[in-house]
Amino acid sequence: GVEQQLRVFQQALNEVPKSGEVWCEGARIFLNPHSACFNLHVARRFLNFAIEFTPQYGDSFIEYLRLQMLVASPEAAVERLWQLCINAEPNYGVLWFHCKPS
Numbered sequence: 001g002v003e004q005q006l007r008v009f010q011q012a013l014n015e016v017p018k019s020g021e022v023w024c025e026g027a028r029i030f031l032n033p034h035s036a037c038f039n040l041h042v043a044r045r046f047l048n049f050a051i052e053f054t055p056q057y058g059d060s061f062i063e064y065l066r067l068q069m070l071v072a073s074p075e076a077a078v079e080r081l082w083q084l085c086i087n088a089e090p091n092y093g094v095l096w097f098h099c100k101p102s
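This is how it looks when you write it as structure tokens:
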């Protein structure tokens with residue numbers, strides 16, 4: 001359950017606190033609307049860490065876009081994310097490869 005997810009997330013942060021992949025996985029826990037921990041503010045904070053620490057991990061940008069869709073972000077915010085993504089040139093991530101045009 002969610003308690004186990006949070007426990008594993010905390011252990012991973014203790015091991016690799018500057019891993020964007022770990023922060024993105026933490027954000028996914030809080031982005032789940034079926035979770036008792038559903039919290040978009042926490043998810044946003046974690047995704048900011050993810051992009052700061054590992055900008056080449058494309059999944060963080062995809063999850064951030066999903067967050068922006070959930071909160072109906074203004075078009076300017078989506079454009080800023082788009083520019084951030086272009087500048088970061090992400091090059092890996094399961095979602096990234098699935099969504100990226102060939």
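Per full-length UniProt numbering, residue 1 is the first one in the sequence shown, and the count goes up by one each step.
Using N, Cα and C, we set each Cβ at its ideal position, and we do this for glycine too.
Whether residue i touches residue j by CB criterion (9 Å)
i     : j     : result
Tyr64 : Arg44 : yes
Ala88 : Gln56 : yes
Ser60 : Ala76 : no
Gln68 : Leu84 : no
Nearest neighbour of residue i, chosen from the options [CA to CA]
i     : options                        : result
Ala72 : Phe53, Leu40, Gly58 and Val22  : Leu40
Gly58 : Trp96, Val78, Ala50 and Lys100 : Trp96
Pro17 : Thr54, Glu79, Val78 and Ile62  : Thr54
Glu21 : Val42, Leu47 and Pro33         : Leu47
For residue j and residue i, believed in contact at Cβ under 8 Å, the rounded distance
i     : j    : result
Ser35 : Val8 : Ser35 to Val8, Cβ: 14 Å. No contact.
Ile29 : Gln5 : 5 Å
Buried or exposed by the 16-neighbour rule on C-beta atoms within 10 Å, applied to residue i
i      : result
Glu25  : buried
Val94  : exposed
Leu31  : buried
Leu70  : exposed
Pro74  : exposed
Pro101 : exposed
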